[in-house]
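Enquirer:
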Amino acid sequence: MQISRDNDDEILDDFDAENIDLYKYVHPSIRKVLVMESDNTIFDDFCGFRNSNNNIIDDCSDSTKTVLVNSDNYIINWNLLEEFIEWEKTKTKSGVPSGAPSLDQQDNNNISVETLVTLASQSELAIFQDNNIHISTIIDNDNIEVLPSPIRGLLKMIPHNDDDDLGAHTLIATLIAVNMVENSIRHLIGKQHGRAPLLKNMIEIIASKESEKDHDDNHRHNHPPKILAAVLQTLLLPKNNGINLRNLLWHGFLPVINRKWFALSISLVLSLDELASSSSFDVPCNDNDDNNNNLDENLESLVVMRQHEALVTILDHGKHIRSSREMLTTLEEQITRRSDNSIPRSHQELIKVVLENYMNYPIIFASVTSPLIEHILRIMWCNENQQKKCIAEPESYYVTLDGHGQKDKHEIMIMPYFSSQPQQQQEITEGTGATKGIIRNRLVYRLGAPTTAFLIDMFLSPSGGPNIRASVAHGIFNRYLFEELGNIEVQDSVPHNNSNTFELEDMVNALISVLHILCDDSQYDDIACESNPNYKMNDALSSYRPCFSFSALLLSEVDNMVDQISLSITSGNMPVIRYPATRYSNLTDDVLFVAVKRSRMVVSTFSTTKTFDRALSALAQYTAGKAVKAIIKEVIRNASVE
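Residues in the sequence shown are numbered from 3 upward in steps of one, following our numbering.
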């Protein structure tokens, strides 16, 4: 793959002139850790202490030598890391980040951020073999051949000179490397994507295995090193002064990142796989994916998109934009010149890089674009609702696009109302359609119902939908991701040759359309469809109906129930009242909102139901029944007789 950087000098000058804060959307305490340099004095002292105590000559005399990470295979030396941490605890250390506890106050489940930075710097030194961050010799290093093909592909994505100061390419590689870390954690504890616990629970499993080692001298080699869980928690989770790196990246807060965090992620992947005694990159093929080219079940959520006419129109719109360099350039201009501040300047270079370099790599493209879309929507959500949640705060939950696994703990930016705080879950005022204690999400009103329905179908579907960001982030499509990285390794920008290319490309088409919808402020000529010059994106959205979301199930049930309504009024000369489905379109939003909101009381009824789809279907039927009753009440009140 040829990375395009022809205009980097011009871009850098522009960003310097504008004084763009590339860490604007993370709290200063987190930023301080992300850009922190390793304290070489402390590490040099440790090396000297270790050498003198062990009568070692020139084993590690200074911080320019790799000690904590093996320079031959890039695997972490866990025993030496534990020794360093124990030695570090005995030293009085200054410069602890603001708000962080001193070393002797650190939680036993975490290591200090200073130690984590030292480990990251040692990983960078081992992999890139030069203390100058701008000069890399990794590609010339013979050791690269021992690495798995996907990691070699990632290394090809990292610039090997000083033309990535903005960090876009390094950010993309680190984003994917952190995905690999989670994949290796699943592999180590014997879990599969889609069936694995939350990341924090998987790390707890590793910690429990570490504890078992202390009581099982006969099988100590089968247990992970004592310090492993602490390293993972400090790097990947927010509690106890962890930096929560995975969520910072996969929820779109960062447009750049220092190369040492990429290096640490790679060292962790290789170290975890060594502990597992097998490679996490050997993704098993799906049982249905055989020589008969039956469809991989993980792609079914993409295939079903073309079973809905409204979605087909939108997918083809994205495909049409992709087909022309001119139209992609127009899209980039809409992104960079939008009149409001919902698309931050700090992230615009990242958008350009992914559009120009990764269009033929669907999973990589989705990995970068989905968090970008989430960040754009988060800024819009904050602006519309007058909230101050654009910045990633330490030890706090973020406002997210899909709320994967934690919907009850934070706001979801495309839900119609605020839902995470108990005091907001109050009874709806009867009859008026008004709500008491319920806060409406104003972003939904800005976007409009069709756009919101489309976004929910793409990112927040309860069952059967693509759920693009969460699916990519949590490894559902890792098999294809590893194929793409293998193609990058051999400098092949042609889409990988298999029968599933079309399905994967539809994910790109959908994301391109989402970007166009969010970035079109009507100041520039819209992008017309080649087959219909008068076509506009809004035309396709105006008739859009939900396909996969709870609303889709609800509307389906409403359609079925209303079609079957036939109320006979026997008194007087009143004729039979029939209210076909085509007549309920004038039902007010508030009436339907009341019906939907009231139905939330029955969610607990299905909490023990083993099959989620059955529970959801039952809830949809109940809600639809409420809606139909509201419809009938309106019909009788208004004497809507046919």
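From the three backbone atoms N, C-alpha and C, an ideal C-beta is built for every residue, glycine too.
Here the structure is a predicted model, which means the values were calculated and not measured.
Are the beta-carbon atoms belonging to residue 80 and residue 230 less than 9 Å from one another?
Expert: Yes, the pair counts as a contact, with Cβ atoms nearer than the cut-off.
Enquirer: Relative to the C-alpha of residue 311, which candidate in 549, 235, 263 has its C-alpha closest?
Expert: Ranking the options by Cα distance to residue 311, first place goes to 549.
Enquirer: What whole-angstrom Cβ distance do residue 232 and residue 112 have, given they're in contact under 8 Å?
Expert: Confirmed, about 5 Å.
Enquirer: Is residue 394 helix, strand or coil by DSSP?
Expert: DSSP places residue 394 in strand when its eight states are reduced to three.
Enquirer: Could you check the C-alpha separation between residue 694 and residue 115 for me, to the nearest Å?
Expert: Residue 694 cannot be examined here, being either before or after the span of the chain that is shown, 3 to 644.
Enquirer: Using 9 Å as the threshold, is the C-beta distance between residue 282 and residue 182 below it?
Expert: Yes, the pair counts as a contact, with Cβ atoms nearer than the cut-off.
Enquirer: Return the residue from the list 32, 519, 226, 480 that minimises the CA-CA distance to residue 242.
Expert: Measuring from the Cα of residue 242, the nearest candidate turns out to be 32.
Enquirer: If we count the other Cβ atoms within 10 Å of its Cβ and call it buried at 16 or more, is residue 37 buried or exposed?
Expert: With fewer than 16 Cβ atoms within 10 Å of its Cβ, residue 37 is classed as exposed.
Enquirer: Roughly how many whole angstroms lie between the Cα atoms of residue 252 and residue 244?
Expert: Those two C-alpha atoms are separated by around 16 Å.
Enquirer: Does the segment 357-376 touch the segment 253-271, meaning 3 or more C-beta pairs lie closer than 8 Å?
Expert: Flag = yes, the segment 253-271 and the segment 357-376 touch.
Enquirer: So, is residue 96 buried or exposed, given that buried needs 16 or more other C-beta atoms within 10 angstroms?
Expert: The predicted position of residue 96 is uncertain, since its pLDDT is 45 and thus under 50; a value taken from the coordinates is nonetheless stated next. Classification of residue 96: exposed, given that the 10 Å Cβ count is below 16.
Enquirer: So the candidates are 520, 35, 27; which of them puts its Cα closest to the Cα of residue 339?
Expert: For residue 339, the nearest C-alpha among the options comes from 520.
Enquirer: For residue 309, count neighbouring Cβ atoms within 10 angstroms of its own Cβ and tell me buried if that reaches 16, exposed if not.
Expert: Exposed: under 16 other Cβ atoms inside 10 Å.
Enquirer: Mind checking which residues open and close the alpha helix (DSSP H) that includes residue 482?
Expert: Note, residue 482: alpha helix (DSSP H), 480-491.
Enquirer: On a Cα-Cα basis, can you pick out the residue from 120, 333, 174 that is closest to residue 41?
Expert: Per the Cα distances, 120.
Enquirer: In chain order, what residues of the same chain lie with their CB nearer than 7 Å to the CB of residue 105, ignoring the 5 residues before and after it?
Expert: Caution applies to residue 105, whose pLDDT of 37 falls short of 50 and renders its modelled position unreliable; the model cannot decide the point.
Enquirer: Starting from the Cα of residue 452, find the closest Cα among 473, 472, 416 and give me that residue.
Expert: Selected option, being the one with the closest Cα: 416.
Enquirer: Pull up the distance between the alpha-carbon of residue 86 and that of residue 118, whole angstroms please.
Expert: Those two C-alpha atoms are separated by around 11 Å.
Enquirer: Classify residue 303 as buried or exposed, calling it buried when 16 or more other Cβ atoms lie within 10 Å of its own Cβ.
Expert: Under this definition residue 303 is a buried residue.
Enquirer: Should residue 454 be labelled buried (16 or more other beta-carbon atoms within 10 Å of its own) or exposed?
Expert: By the neighbour-count rule (16 or more Cβ atoms within 10 Å), residue 454 is buried.
Enquirer: With distances taken between CB atoms, is the gap from residue 278 to residue 190 smaller than 9 Å?
Expert: It is a contact, given that the beta carbons lie within the stated cut-off.
Enquirer: Between the C-alpha atoms of residue 44 and residue 53, what's the straight-line distance to the nearest angstrom?
Expert: For residue 44 and residue 53, the distance between alpha carbons rounds to 14 Å.
Enquirer: By the three-class DSSP mapping on this structure, what secondary structure does residue 474 have?
Expert: Helix at residue 474.
Enquirer: With DSSP collapsed to three states, give me the class of residue 258.
Expert: Here residue 258 sits in coil by DSSP.
Enquirer: For the putative contact between residue 177 and residue 258, defined by C-beta atoms under 8 Å, what is the C-beta separation to the nearest angstrom?
Expert: Not confirmed; about 11 Å, so no contact.
Enquirer: Whole angstroms is fine: what's the gap from residue 358's alpha carbon to residue 351's?
Expert: Residue 358 and residue 351: Cα-Cα distance of roughly 10 Å.
Enquirer: Does the Cβ of residue 355 have 16 or more other Cβ atoms within 10 Å, making it buried, or fewer, making it exposed?
Expert: When all chains shown are included, residue 355 counts as buried.
Enquirer: Can you check DSSP and say which residues form a bridge with residue 402?
Expert: In the DSSP output, where bridge partners are listed per residue, residue 402 has 414.
Enquirer: Residue 623 to residue 467, Cα distance in whole Å?
Expert: The straight-line gap from Cα to Cα measures roughly 20 Å.
Enquirer: State the Cα-Cα distance for the pair residue 413 and residue 401, rounded to the nearest angstrom.
Expert: About 5 Å.
Enquirer: Short check: CB of residue 179 to CB of residue 280, under 9 Å?
Expert: No, they are not a contact pair.
Enquirer: Which residue or residues does DSSP assign as beta-bridge partners of residue 442?
Expert: DSSP lists 419 as partners of residue 442.
Enquirer: For residue 170, report the span of its alpha helix (DSSP H) as first-last.
Expert: Run containing residue 170: 170-191, per the alpha helix (DSSP H) assignment.
Enquirer: Go ahead and label residue 477 buried or exposed: buried means 16 or more other beta carbons lie within 10 angstroms of its beta carbon, across all protein chains shown.
Expert: Buried: at least 16 other Cβ atoms inside 10 Å.
Enquirer: What's the call for residue 504, buried or exposed, on a 16-neighbour Cβ count within 10 Å?
Expert: Label assigned to residue 504: exposed.
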